[in-house]
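To start, the structure under review is shown below, and the notes come after it.
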Amino acid sequence: MTARYLETSTGRRIAYHLTQGATPAVVFLGGFKSDMEGTKAVWLEAWAKAQGRAFLRFDYSGHGQSSEAFVDGCIGDWAADAQEAIETLTDGPLVLVGSSMGGWISLLMTQRIAARVCGLVTIAAAPDFTEDGFWASFTDAQKAALEADGQVALPSDYDEPYIITQRLIEDGRNQLVLRSPLPLPFPVRFLQGTADTSVSVDTAIRLLNHAEGADMRLTLVDGANHSFSDADCLELVAASILEVLARANL
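Straight run, no breaks: the sequence shown in full-length UniProt numbering ends on number 250.
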């Protein structure tokens, strides 16, 4: 299937796949350096089609098939991409499904388009990771390099190192969600693997304790890693979406 493109108000071209169907629509928000062709996004699209439910997956700028360079982006840019894609391409109530960085961006969406969000499912959500992950772990030498060069290279589990820019860190401080009230007045399901080496169980518990809502649950999956993409994990994501939809009474 060929991606379609949204020309945003900022001049970026956002690649997306939109499935028409019943509302509430499900919107998948992917992770840092991930893209909409990942296992979870594609599997959930097929699941949504089988359910007859509207579904949107897309690539942030600098990711996948969208325009711009990854190193030029930041959380604020990607949140703006997400908001414009959602507001332009979907109608009515939404269930957001955010994976890793997409968990952080989905939390931002719950505050920025609050009237449309009727449910949230996160998978290894990584709120505030630029500050509490990258910046907090940097050595004095890395912080000096960031100041001098505007970027620092970090090893990754993938082929290329992560290039972390000063802009990413500084902009991230304007997007933090764990330092101020975070109302989530709708059904919320946080999913987290205990074998995740990128996002800790402590982060998941911190998010659960910090957010404010009457219907929030955290599910820990013993032995699941950060990808959360085996058959059992995918079925749990789908079941969580259905549970959120049922409890939203829409």
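Glycine included, every Cβ here is placed at the ideal spot set by N, Cα and C.
Own chain residues within Cβ distance below 7 angstroms of residue i, not counting five before or after
i	result
Leu220	Gln192, Thr194 and Val201
Pro155	Pro161
His210	Leu178 and Leu182
Gln20	Ala54
Ala3	Ala15, Tyr16, His17 and Gln65
Phe32	Ser100 and Met101
Residues of its chain near residue i, where Cβ-Cβ distance is below 6 angstroms and the 5 sequence neighbours each way are ignored
i	result
Leu94	Pro24, Ala25, Val27, Arg116 and Val117
Leu146	Val152 and Gln166
Trp135	Ile169
Asp35	Asp59, His63 and Gly64
Val199	Ala124 and Ala126
Cβ-based neighbour list, residue i, same chain, cut-off 8 angstroms, excluding 5 preceding and 5 following
i	result
Asp230	Ala224
Val71	Gly62, Gln151, Ile163 and Thr165
CB-CB length for residue i against residue j, believed under 8 angstroms
i	j	result
Ile163	Ala153	6 angstroms
Gly30	Ser106	Between Ser106 and Gly30 the Cβ distance is about 10 angstroms, and since that is not below 8 angstroms, they are no contact.
Leu250	Gly213	At roughly 17 angstroms, the Cβ-Cβ gap does not stay under 8 angstroms, so Leu250 and Gly213 are not in contact.
Ala85	Leu56	7 angstroms
Phe190	Leu207	6 angstroms
Arg12	Asp91	Rounded, the Cβ-Cβ distance is 22 angstroms, inconsistent with contact.
Residue span of the alpha helix (DSSP H) that contains residue i, given as start and end
i	result
Glu7	Taken as a continuous stretch (DSSP letters only), Glu7 belongs to no alpha helix (DSSP H), being part of the beta strand (DSSP E) at Arg4 to Glu7.
Ala231	Ala231 to Ala248
Gly76	Ile75 to Leu89
Asp202	Val201 to His210
Leu44	Thr39 to Gln51
DSSP bridge partner residues for residue i (one or two, in chain order)
i	result
Ile164	Val152
Gly98	Leu29 and Thr122
Met216	Val188
His17	Arg57
Gly193	Val221
Val117	Leu94
Pro183	Glu212
CB contact check: residue i to chain C, cutoff 7 angstroms
i	result
Asp59	No chain C is part of this structure, which consists of one protein chain only.
- Query: Do the stretch 239-248 and the stretch 131-150 make contact, defined as three or more Cβ pairs closer than 8 angstroms?
  - Reply: no
- Is it a yes or a no for the stretch 72-81 touching the stretch 37-51, going by three-plus beta-carbon pairs under 8 angstroms? no
- Is the stretch 8-16 close to the stretch 63-73, with three or more CB pairs under 8 angstroms? yes
- Take every Cβ of the stretch 175-194, pair it with every Cβ of the stretch 123-132, and state whether three or more of those distances are shorter than 8 angstroms. Three or more Cβ pairs closer than 8 angstroms define a contact, and the stretch 175-194 meets that threshold against the stretch 123-132.
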